[in-house]
Amino acid sequence: MIVEGILVTDADFRSKLEHATGILFFFKKKCPNCKALEKVIEKFLLANRYVAYMRIDSEECPEAMKAFGTERVPTIFILRDGQITAKKVGLMNLREMTDFCQLP
Amino acid sequence: MKPKRSFDLLILGGGIAGMTAAIFAARANIKAAIVEEKICGGLANWTSNVENFPSHVSINGMELMERVLAQVQKLGVEVDEAAEVVRLDFSGPFKIIETGEYLYTGKAIILATGRQPVRLQIETNCDHIHYCSVCDGSAYVGKKVLVVGGGNSGFDESLYLLSLGVAEILMVEALEDCCASETTQARLRSHGNVDIRTCTRVAEVESEGNGCQILLENLRRGTSERLYVDGVFVFIGQKANTDLFCKLVDVDSDNYVITGPNQETNVPGVFAAGDVVQKTYRYLTTAMADGTIAALAAEKYIRSMTKS
């Protein structure tokens, strides 16, 4: 993984995400679709270096999963100043990811 | 204009066949690139426990594939994952793969795109139908799920769902018998909360509340039954992943690539390996054999092309 992002946990998701803007990615370590989407995000971020990227391991963070109302992975949220502006469950390719984020 | 990337050998698909081909190519000083739509590892990534791979009594499929990928990358093979292929051209002396980002060219190409899961052929608005227990299983802790398919995948994934804490599993198989290995079947059948029904097919799935109303048909007795389950997991086999090139090389009636003894297709310089090839047995080990032969045959082809 070239783009590590910020790993967020149950202990700090409230403080770290309170005013966050960027991509929030819920994943599992042994989930093939999560790994594939991680590669897509990596490519997306290489072309959009100013976008913040935050990751949450769903198996280790049940509280964060509950707070964001998601049970499935991979799930991506777009956050703007801590508010959810978009949510997508499942795999996307790079083109779909770019459309989803709708960044200038 | 997309950036151009030139190689001796292009490998389309990064499953075990493609990665094995890449290892043999790299060791023969053939400059090779793997172009993979998702991530390297293929269907093995979806297998919780691989128990028929020599050297490991039991190993997680994704872990095994990560080890192979590390070997591939250490040998200097270019690996482009999450690459959306938009065009293939095998007509000239140089084979072309155009992705969303690059234009790849190679003197030869190995098609190793494997297979993909067959979807449930039912029109439904229900969004509780899943194909990945690792991705979606956690949502069904303490609940009842229907597993469609009594092959090895169906049994393995059912065991995984139970390990997550799924309360009850109803499995249906359309054939007279489940075809999963005896040991895996015995492991699942030892659980008290599993109901396995053969000669049974899913006729309808409708959304209801937080789950699904399903209609099961017993093919032997001609009877049907409506049941409520919280979710449906489908593991009914795979189909050839050849949509991109089934009109460019010869394929059989099921769209599997027809190859000769050295994995060559009917198009010069185009080889195929692994599950995508027409054959009887599809395992990691048989795919590795295909990948080995395809790489060696491609090397010979590339060297002869360079000489002429």
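Residue numbers (my numbering), protein chains in the order written: chain A, 1 to 104; chain B, 1001 to 1308.
Yeah, the Cβ is synthetic: ideal placement off N, Cα and C, and Gly gets one too.
* Asked: Between S1232/B and V1134/B, which are expected to be in contact by the criterion C-beta below 8 Å, what is the C-beta distance as a whole number of angstroms?
  -> First, the amino acid is wrong: residue 1232/B is Val here, not Ser. Their Cβ separation, rounded to whole angstroms, is 16 Å, which puts V1232/B and V1134/B out of contact at 8 Å.
* **Endpoints, beta strand (DSSP E) assigned at Q1116/B** => R1115 to P1117
* To do: List in chain order: all unbroken beta strand (DSSP E) runs of 3+ residues lying wholly within the segment 1034–1112 of chain B.
  => Within the segment 1034–1112 of chain B, the complete beta strand (DSSP E) runs of at least 3 residues are 1078–1080, 1085–1089, 1095–1099 and 1103–1111.
* Could you name the residues of the same chain whose beta carbon sits closer than 8 Å to that of A1140/B, not counting the 5 residues immediately before and after it, in chain order? => Reading off the sequence shown, one finds Tyr at residue 1140/B, where the question assumed Ala. Contacts found: L1161, L1164, V1166, D1230 and G1231.
* C31/A: contacting residues in chain B (beta-carbon distance under 8 Å) -> Residues of chain B passing the Cβ test: C1132, V1134 and C1135.
* Is K1300/B close to chain A, meaning its C-beta is less than 8 Å from at least one C-beta of that chain? -> no
* Closer than 8 Å to chain B by CB, A36/A -> yes
* Asked: Quick one: what's got a C-beta closer than 6 Å to Q65/A's C-beta in the same chain, skipping five residues either side?
  -> With the sequence shown as reference, residue 65/A is identified as Met, and Gln is not the correct amino acid for it. Cβ within range, chain order: S58.
* Might you give, ordered along the chain, the residues of its own chain that have their beta carbon closer than 8 Å to the beta carbon of M1288/B, omitting 5 neighbours on each side? => Hits under 8 Å: I1016, A1017 and T1020.
* Inter-residue CB distance, L1009/B and A1108/B (contact presumed, cutoff 8 Å) -> 5 Å
* **Which residues DSSP lists as bridging F77/A, in chain order** => L24/A and K87/A
* **Meets three-Cβ-pair contact criterion under 8 Å: the segment 1260–1280 of chain B and the segment 1097–1115 of chain B** => The segment 1260–1280 of chain B is in contact with the segment 1097–1115 of chain B.
* Roughly how many whole angstroms lie between the Cα atoms of N1052/B and T75/A? -> 33 Å
* Asked: Could one say the Cβ of G1092/B lies closer than 8 Å to chain A's Cβ atoms, at least one of them?
  -> no
* Compile a chain-ordered list of the residues in the segment 77–94 of chain A whose CB is closer than 7 Å to at least one CB of chain B. => N93 and L94
* Under 8 Å between C-beta atoms of R1358/B and E1098/B -> Any property of residue 1358/B remains undetermined from this structure, which presents chain B solely from 1001 to 1308.
* Asked: Which residues in chain B sit within 8 Å of K66/A, going by Cβ to Cβ distance?
  -> The contacting residues do not exist; K66/A stays about 12 Å from chain B at best.
* Asked: What number of angstroms, rounded off, separates the C-alpha of L1188/B from the C-alpha of F1235/B?
  -> 15 Å
* Asked: Can the beta-carbon of H1056/B be found closer than 8 Å to that of L1064/B?
  -> yes
* **C-beta contact flag for G22/A and V51/A at 8 Å** => Yes, these two residues count as a Cβ contact at 8 Å.
* Asked: For the segment 1146–1175 of chain B, which segments carrying the alpha helix (DSSP H) assignment without a break, of at least 4 residues, lie completely within its bounds, in sequence order?
  -> 1152–1164
* CB of A1240/B within 8 Å of CB of F1271/B, strictly -> no
* Looking only at its own chain, which residues have a Cβ that is under 6 Å from the Cβ of E1173/B, when we skip the five neighbours before and after it? -> G1150 and T1198
* Using the beta-carbon of each residue, which ones in chain B are nearer than 7 Å to E71/A? -> S1138 and A1139
* Can you list, in chain order, the residues of its chain whose CB lies under 7 Å from that of Q1185/B, leaving out five sequence neighbours each side? -> So the qualifying residues of the chain are F1155 and C1178.
* To do: Determine, using beta carbons only, whether V40/A comes closer than 8 Å to chain B.
  => yes
* Look up Q1185/B in the DSSP assignment and say whether it is helix, strand or coil. => helix
* Along chain A, in chain order, which residues have C-beta atoms closer than 8 Å to that of M1062/B? -> K30, P32 and K35
* **Alpha-carbon spacing of K1095/B relative to I1023/B, whole angstroms** => Near 20 Å, if we compare the C-alpha coordinates of I1023/B and K1095/B.
* **Interface residues of chain B facing K16/A [CB-CB closer than 9 Å]** => Ordered by position in chain B, no residue passes the 9 Å Cβ test against K16/A, which lies about 23 Å from the chain.
* Throw me the rounded Cβ distance for the V1249/B and V1277/B pair, which I believe falls under 8 Å. => Not confirmed; about 11 Å, so no contact.
* Asked: With respect to 7 Å, is the separation between the Cβ of A1167/B and the closest non-hydrogen atom of the ligand ZN below this value?
  -> Annotation note on the ligand ZN: not contained in the displayed structure, which lists no ligands.
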